[in-house]
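My numbering puts the first residue of the sequence shown at -5, with every later residue one more than the last.
Below: one structure, written as structure tokens.
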Amino acid sequence: MPTLADVGRLAGVSRGTVSNVFNHPDLVRSDLRQRVEAAARQLGYDGPDPRGRVLRDGKFNAIGLIPPGAYAIADMIRSPYLRELVLGVSLACDEAGATLSLVNGTDETRTSTIREALVDGFILGHSADIELIASLRRRRLPFVILESDAGPDVNSIRIDGRSGALAAIRHLAALGHRRFAIL
-5 MPTLADVGRL AGVSRGTVSN VFNHPDLVRS DLRQRVEAAA RQLGYDGPDP
45 RGRVLRDGKF NAIGLIPPGA YAIADMIRSP YLRELVLGVS LACDEAGATL
95 SLVNGTDETR TSTIREALVD GFILGHSADI ELIASLRRRR LPFVILESDA
145 GPDVNSIRID GRSGALAAIR HLAALGHRRF AIL
């Protein structure tokens, strides 16, 4: 199995340059990058083993998403709300170069999943489950809870429904409407 050093020898560059071609290609001149990529193809080298990066950095470059309630992963795809949530989080992960790990949210699996998940942190769909929070804290993983206030020492993101309702009322009033029904 070819190594980073083998690719460097064939391309006539240092291991650091080969590493940059695979990990930070924007730092390497185009002609040099093409030479290293050609050497890697010739040797059948697909790039550094991600397990080595995990061991070196102690990071997985992945975010875990646990849906609100006791939803299985298939339910996340079926639910229009959860589908939009997954889409938004996955777009943010793509932009950051991170992986999104969808986590089964059923009661039987959540705590064990947190214990075993290969992620750097979690997004919890509105959950104030004390055991879940305790499990995250034991692993010393950062987390944020969506649409729930789990206390002053827990990071959370909430929708500002009051401001949204006020904006809607002002808009309707500007159109001349004076009687409103809230469903």
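Beta carbons: idealized from backbone N, C-alpha and C, even for Gly.
If you're wondering where the values come from, they're calculated on a predicted model, not measured in any experiment.
Can you tell me whether DSSP reads residue i as helix, strand or coil?
{"i": "Leu76", "result": "helix"}
{"i": "Val83", "result": "helix"}
{"i": "Ile153", "result": "coil"}
{"i": "Ala56", "result": "strand"}
{"i": "Leu169", "result": "coil"}
{"i": "Ser8", "result": "coil"}
{"i": "Gly93", "result": "In the sequence on display, residue 93 carries Thr and not Gly. Correct three-state label for Thr93: strand."}
{"i": "Val174", "result": "Reading off the sequence shown, one finds Phe at residue 174, where the question assumed Val. Phe174 falls in the coil class under three-state DSSP."}
{"i": "Leu130", "result": "helix"}
{"i": "Leu112", "result": "coil"}
{"i": "Gly158", "result": "helix"}
Just mark residue i as buried or exposed, buried being the case when its beta carbon has 16 or more other beta carbons within 10 Å.
{"i": "Phe137", "result": "buried"}
{"i": "Ser129", "result": "buried"}
{"i": "Pro61", "result": "buried"}
{"i": "Ile163", "result": "exposed"}
Figure out for me which residue from the options has the closest Cα to the Cα of residue i.
{"i": "Phe16", "options": "Leu4, Gly6 and Ala34", "result": "Ala34"}
{"i": "Gly155", "options": "Ser142, Val148 and Asp147", "result": "Ser142"}
Can you tell me where the beta strand (DSSP E) with residue i in it begins and where it stops?
{"i": "Val148", "result": "Element bounds for Val148: n/a, residue is neither H nor E."}
I want to know whether the region 53 to 63 touches the region 107 to 115 - three or more CB-CB distances under 8 Å.
A contact exists between the region 53 to 63 and the region 107 to 115.
Would you call the region 31 to 46 and the region -5 to 5 touching, i.e. three or more CB-CB distances under 8 Å?
Yes: the two stretches touch, three or more of their Cβ pairs being nearer than 8 Å.
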